[in-house]
Amino acid sequence: MGAGAPYPDAQQKIELAISYAGAPGLPPQIAKQVRSFNDVLTNTESLVQAIQAKDAAGIKKYTDAMNAALKAMSAPDETLPADYETKTFGPMQKSYDAAMKAIKSGS
Numbered sequence: 471m472g473a474g475a476p477y478p479d480a481q482q483k484i485e486l487a488i489s490y491a492g493a494p495g496l497p498p499q500i501a502k503q504v505r506s507f508n509d510v511l512t513n514t515e516s517l518v519q520a521i522q523a524k525d526a527a528g529i530k531k532y533t534d535a536m537n538a539a540l541k542a543m544s545a546p547d548e549t550l551p552a553d554y555e556t557k558t559f560g561p562m563q564k565s566y567d568a569a570m571k572a573i574k575s576g577s
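So the mapping is simple: the numbering used here equals the position in the sequence shown, first residue as 1, plus 470.
Right, dumping it as structure tokens:
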């Protein structure tokens, strides 16, 4: 019975993530991936219910849907460019590293 609701507030949290995923400055891949993750979550919950009900057609349907959403999450239109983190956070990392170096040399 417990397998059906391992995270009772998961749907609420994913809806919050969806609302933030389209924020200005975020690449569109983030919103697409969060929506696919929502599909994984929804289909996993339905799959557990189908397993508990011994519903073979439902098990196949939700397994296929879950696998499709997982596949979509690794598709190019949902994957961030390889240099995204470097371009986005690189300047902050360099500033942090310089500040840490200054602190160490001042001690």
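Ideal placement from N, C-alpha and C gives every residue a C-beta, glycine not left out.
Does the distance from the CB of residue i to the CB of residue j come in under 8 Å?
| i | j | result |
| --- | --- | --- |
| VAL504 | ILE488 | yes |
| ASP547 | LYS483 | no |
| ALA539 | ASN513 | yes |
| GLY550 | PRO497 | One point to set straight first is that residue 550 is Leu, not Gly, in the sequence displayed. Their beta carbons are under 8 Å apart, which means LEU550 touches PRO497 by this criterion. |
Among the candidates the options, whose CA atom is the shortest distance from the CA of residue i?
| i | options | result |
| --- | --- | --- |
| SER506 | ALA520, TYR566, PRO478 and ALA535 | ALA535 |
| THR558 | ILE573, ALA527 and GLY495 | GLY495 |
Let's test the definition: count the other Cβ atoms within 10 Å of the Cβ of residue i and tell me whether it reaches 16, buried, or not, exposed.
| i | result |
| --- | --- |
| MET471 | Residue confidence is low: MET471 scores 49 on pLDDT, short of 50, so the model does not pin down where it sits. No coordinate-derived value is stated. |
| SER516 | buried |
In chain order, what residues of the same chain lie with their CB nearer than 8 Å to the CB of residue i, ignoring the 5 residues before and after it?
| i | result |
| --- | --- |
| LYS564 | none |
Any heavy atom of the ligand ATP closer than 7 Å to the beta-carbon of residue i?
| i | result |
| --- | --- |
| LYS524 | Questions concerning the ligand ATP fall outside what the structure shown contains, since it holds no ligand whatsoever. |
Only counting the same chain, and skipping five residues up and downstream in sequence, which positions put a Cβ closer than 7 Å to that of residue i?
| i | result |
| --- | --- |
| ILE521 | ILE529 |
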